[in-house]
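Chains A and B, in that order, give the protein sequences.
The first sequence begins at 32 in the working numbering and counts up by one.
The second sequence begins at 32 in the working numbering and counts up by one.
Below: one structure, written as structure tokens.
2 protein chains.
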Amino acid sequence: MDALKNRILVDGQVFPGNILKVDSFLNHQIDVALLQEIAKEFYLLYGKDGVNKVLTIEASGIGIGCAVAGAFGCPLVFAKKSKTKNIAGAVFTSKVASFTHGNVSDIIVSQDFLKKEDRVLIIDDFLAKGNALVGLIELVSQAQAHLVGCGIVIEKGFQGGGDQLRAKGIRVESLAIVESMDASKGNVAFRS
Amino acid sequence: MDALKNRILVDGQVFPGNILKVDSFLNHQIDVALLQEIAKEFYLLYGKDGVNKVLTIEASGIGIGCAVAGAFGCPLVFAKKSKTKNIAGAVFTSKVASFTHGNVSDIIVSQDFLKKEDRVLIIDDFLAKGNALVGLIELVSQAQAHLVGCGIVIEKGFQGGGDQLRAKGIRVESLAIVESMDASKGNVAFRS
């Protein structure tokens, strides 16, 4: 998606430790108009696949997840990272190691909101080693729902998580795949 | 907002401890179509006030914040609850005690995304004692930005936070104000 790649080149910042900071438009300040364009792109990719539920994970997946659910005319469900007073009853649960936060979280979805008959599109803002996706796929599997595929805004291709999932036969569509980054020069190169 | 109040009456669940669970449509599973209607309502209330930035707090404010920012054609900024690897540089910061999670969080916004010239609408899904709003208002104040007002989806009027802020001259608009709840009967009564 050219508009997204251009935005990454103009406004993204590369930091040591393979960190690509896009918080001026994607995950701290959000350019909602760009989100709408991203959602349309996912609809072009998955619009004929009978998706009836979008699944993401808090916090930074929620904005893009809402936009995509709007494009598909279906609800968004977001997995929560810790058990709060407000989740009662039976849940599906798995674990996710966070690259950004440097910790491991339990993630949960109420069994009320993922059902056997659901056709699920998993959406997230970033894909690096794939930990969040693996955790979300596990939730879909526990629900015995059908996983249509995954839609990622920015994949760090050089960290391998996306290709590992593709090798297992899971459909993973990323709108921008970063092949390499250089913090010393601030360069970002995309997979063609 | 009648559609919202009706939805609360039909799908909301009341639990002991003044908990109103609306996670089938607002903060776990999200009815994106309802979110769009809610956003339109806030635009009716604040559309002539020159809002150029919507501010909310992760996680459950992000969905409604995105919808409202879309209605206003401006960016959303969401305050983060912990310092991650991906926030570098100067930040505004305050503290928020969470009714739902039973803890106190530092909340932060990068100084890049709240500026003196901004006219800010604060959006959140819930208002009870007002802790989150007070923390967000403090961030706006640190930025020396102009606070246009606050837009809340569901206010628990009996917990007093909204009225305390109104008494200080802050404009707080809530689309549904719950005046009382009864967990034993499952009743919810709205302020008229």
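C-beta atoms are modelled at their ideal positions from N, C-alpha and C, and glycine is treated no differently.
Query, Result
"CB contact below 7 Å: Ile93(A) versus chain B", "yes"
"Selection from Lys187(A), Phe109(A), Ser55(A) and Ala163(A) that minimises the alpha carbon distance to Phe221(A)", "Lys187(A)"
"Any beta strand (DSSP E) of 3 or more consecutive residues that is wholly inside the region 155-221 of chain A", "177-187, 203-213 and 218-221"
"In DSSP terms, what Lys111(A) is bridged to", "Ile139(A)"
"Neighbourhood of Ala176(B) by C-beta, 7 Å cutoff - its chain only, sequence neighbours within 5 removed", "Leu145, Lys146, Lys147, Asp149 and Val151"
"Candidates Ala34(B), Lys36(B) and Val45(B): closest to Ser215(B) by CA position", "Val45(B)"
"Bounding residues of the beta strand (DSSP E) (the contiguous stretch that carries Phe46(B))", "Gln44 to Phe46"
"Element boundaries [beta strand (DSSP E), containing Phe56(A)]", "Premise fails: Phe56(A) is in no beta strand (DSSP E) and is neither H nor E."
"Where the alpha helix (DSSP H) through Leu145(A) begins and ends", "Where Leu145(A) is concerned, there is no enclosing alpha helix (DSSP H), given that its DSSP letter is neither H nor E."
"Sub-7 Å separation of Val179(B) and Asp80(B) beta-carbons", "yes"
"Gly182(A) at chain B interface by Cβ criterion, 7 Å", "no"
"Cβ-Cβ distance between Ile183(A) and Asp213(A) below 7 Å", "no"
"7 Å Cβ cutoff, Asp62(B) in contact with chain A", "yes"
"Min CB distance Phe189(B) to chain A below 7 Å", "no"
"Gln190(A) versus Val63(A): straight-line alpha-carbon distance, rounded", "28 Å"
"Buried versus exposed, by CB contacts within 10 Å (16 or more), Glu89(B)", "buried"
"Meets three-Cβ-pair contact criterion under 8 Å: the region 102-111 of chain A and the region 97-109 of chain B", "no"
"For Gly193(A), the nearest candidate out of Tyr77(A), Gln173(A), Lys126(A) and Asn162(A) (CA to CA)", "Asn162(A)"
"Neighbour flag for Gly192(B) against chain A, beta carbons, 7 Å", "no"
"Gln60(B) burial status per 10 Å Cβ neighbour count (16 or more: buried)", "buried"
"Extent of the continuous beta strand (DSSP E) to which Val85(B) belongs", "Lys84 to Ile88"
"First through last residue of the alpha helix (DSSP H) which encompasses Phe79(A)", "Correcting the residue type first, residue 79(A) is Lys in the shown sequence and not Phe. Careful: Lys79(A) lies outside any alpha helix (DSSP H) and carries neither H nor E."
"C-alpha distance - Gly120(B) paired with Ser141(B), whole-angstrom precision", "7 Å"
"Residue of Phe73(B), Ala100(B) and Gln195(B) minimising C-alpha distance to Gln67(A)", "Ala100(B)"
"Neighbourhood of Asp42(A) by C-beta distance below 8 Å, restricted to the same chain and skipping five residues each side", "Val53, Ser55 and Phe56"
"Alpha helix (DSSP H) segment containing Ala100(A), residue limits", "Gly92 to Phe103"
"Below-7 Å beta-carbon distance, Glu89(B) vs any chain A residue", "yes"
"Residue burial classification, Ala159(A) (beta-carbon count within 10 angstroms, cutoff 16)", "buried"
"For Asn134(A), the three-state DSSP class (helix, strand or coil)", "strand"
"Host beta strand (DSSP E) of Ser129(B) (start-end)", "Val122 to Ser129"
"Chain A contact residues for Leu40(B), given Cβ-Cβ distances below 7 Å", "Per Cβ cutoff of 7 Å: no residues; Leu40(B) is ~18 Å from chain A at best."
"Chain B within 7 Å of Asn158(A), Cβ atoms only", "Per the sequence presented here, residue 158(A) reads as Leu, with Asn not at that position. Judged by the 7 Å Cβ criterion, Leu158(A) is not in contact with chain B."
"Contacts that Ser211(A) makes with chain B (C-beta to C-beta distance below 8 Å)", "In chain order: nothing, as chain B lies at least about 19 Å away."
"Neighbour flag for Pro106(A) against chain B, beta carbons, 7 Å", "yes"
"Neighbour-count burial assignment, Ser113(A), 16 or more Cβ in a 10 Å radius", "exposed"
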